[in-house]
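Contents: one structure, followed by commentary.
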Amino acid sequence: MEDVTFSALVVFEETTHQFKRTVSQKKLNQLPPGDVLVKVEYSSLNYKDALSATGNRGVTKQYPHTPGIDAAGTVVHSLDPRWTPGEQVICTGYDLGMNTSGGFSQYIRVPAGWLVKKPSGLSLLETMQLGTAGFTAALCVSALQNNGVTPSNGSILVTGATGGVGTIALMLLHHLGYQTVAVTGKKSAHAFLGSLGASTILDREAALAGQDKPLLTARWAGVIDTVGGDMLATAVKATDYDGVVTSCGNAASGDLPLNVYPFILRGVHLVGIYSANCPMARRLPVWNKLAGGWKFPELARISRLVTLNQIEEEILAMIAGKTQGRCVIDLEGKA
Ligand SMILES: NC(=O)c1ccc[n+]([C@@H]2O[C@H](COP(=O)([O-])OP(=O)(O)OC[C@H]3O[C@@H](n4cnc5c(N)ncnc54)[C@H](OP(=O)(O)O)[C@@H]3O)[C@@H](O)[C@H]2O)c1
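In this text, residue positions in the sequence shown follow the numbering used here: the first is 17, and each later residue adds one.
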């Protein structure tokens, strides 16, 4: 079995700091040791993958490397009694695709504790149309709800709106009855965002208006921020009394140039969101919600299916901030 060959994307450092990507043949014995061997049917592209694939050592230390923080497929072999061959599973986050060979590959081998049994309400394809982006959007929405933000409280601001997290957050919030305001840098995407349920669309510049002031007119009951930096700081300053700001991303910046006034004058809550090491006790209910009452129609509308050979341009477009929605990778090459 260990002699079986399969296709995987391999990122290697061609010359110092110059990284290239190629689809290569690997053998099972090149996978790391682990409890469970999974035949991967679908993966998906997330921002962290684009960073890993372009040599970001904050994400991946050692190259050659196969990225892919998401994978969905079928258990082939398990050393752990929790999993049996033939079961359909999802793996998102933990160290997958960071310093563990990831999901842009026809096989992964991972610790048993990283796997989630595919909920019956989702197909394998749907789990990866959601992927880490959808799971994270759902964590953000859960945080808003758990901190008391209901649709009657007011509008929810979603930044980086055309991205993976942003599009799914908009569709999910719309499905749950919230009014949303979408922030985008893509002028051509206004109609698209409206079709996802965004009530209002703001250009990035408009969302940053007044950013130098200590506090702004209160406009948001909640915020899902995927970009960080001035955008997050400005959103916090414009959040209403007891409003909740979820911070999950840094697509623009890892900085947060802020003061204390939104917190001490309006009681704004700033909630950090992490998906990779989200504990199973929180992870499973979120997947079950996404497969049940939170399953919104038309997930396929924001997703495109590509093969391993087509992923190069998706990675470069994502780094340039030019992608829209979700890119799913079909490891069986049906795309
Ligand atoms: N905390 C976690 O566990 C977690 C999980 C998943 C993702 N994330 C993070 O969340 C962020 C979004 O992830 P994603 O998968 O949705 O990425 P994505 O699909 O690449 O979307 C990011 C979006 O951010 C906007 N953007 C890009 N560059 C920008 C800039 N310089 N200034 C302002 N906006 C910019 C763009 O949307 P517009 O053109 O529409 O503005 C872009 O489509 C990333 O930073 C990612 O690492 C974190």
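All C-beta atoms, glycine included, are put in the ideal place defined by N, C-alpha and C.
Near ligand 1: residue i beta-carbon under 7 Å from a heavy atom
i	result
A159	no
I240	no
R220	yes
I289	yes
Y63	yes
K43	no
T152	yes
N115	no
A69	no
T76	no
A267	yes
V302	no
G308	no
T178	yes
V344	no
C107	no
M334	yes
T216	no
A24	no
Beta-carbon proximity list for residue i, same chain, < 7 Å, skipping 5 on both sides
i	result
G115	Sequence inspection shows Asn at residue 115; the Gly mentioned does not correspond to that position. Excluding positions up to five away in sequence, the list reads T76, K77, Q78.
H33	G71
L188	A153, A154, V157, W310, F312
R299	V132
K36	F28, E30
Residue(s) in a DSSP beta bridge with residue i
i	result
E29	F35
Y257	Answer is none; Y257 lacks a bridge partner.
S291	None, per the DSSP bridge assignment.
W236	T255
T216	V197
C107	A87
Close beta carbons around residue i, own chain, < 8 Å, minus the five adjacent residues each side
i	result
R320	G341, R342, C343, V344
L281	L231
G102	T90, V91
N62	I85, D86, G147, T148, A149, G180
A249	Q227, L272, P273, L274
Cβ neighbours of residue i in the same chain (closer than 6 Å, five flanking residues each side left out)
i	result
V181	A149, T152, A153, T242
L112	I85, G118
A66	I331, M334, I335
A351	With a pLDDT of only 44 at A351, under 50, the local geometry of the prediction cannot be trusted, and the value read off the model is given with reservation. For A351, where only same-chain residues beyond five positions count, the Cβ hits under 6 Å are L321, V322, T323.
G288	S263
T175	V199, D241, T242, V243, M247
W130	C107, Y110
R235	A254
T21	Q41, K43
Chain D within 8 Å of residue i, Cβ atoms only
i	result
S139	Absent from the structure is chain D; it holds one protein chain and no more.
**Contact the stretch 260-274 vs the stretch 237-247: 3+ CB pairs below 8 Å** = Cβ pair count under 8 Å is three or more, so yes.
**Asked** Are there three or more Cβ pairs, one per stretch, closer than 8 Å when the stretch 302-317 is compared with the stretch 138-158?
**Response** The stretch 302-317, when compared against the stretch 138-158, does touch it at the 8 Å Cβ threshold.
**Prompt:** Is there contact between the stretch 323-333 and the stretch 187-197, where contact requires at least three CB pairs shorter than 8 Å?
**Reply:** No contact exists between the stretch 323-333 and the stretch 187-197.
**Segment contact, 8 Å Cβ cut-off, at least three pairs: the stretch 155-163 with the stretch 256-269** = With the cut-off at 8 Å, the stretch 155-163 and the stretch 256-269 touch.
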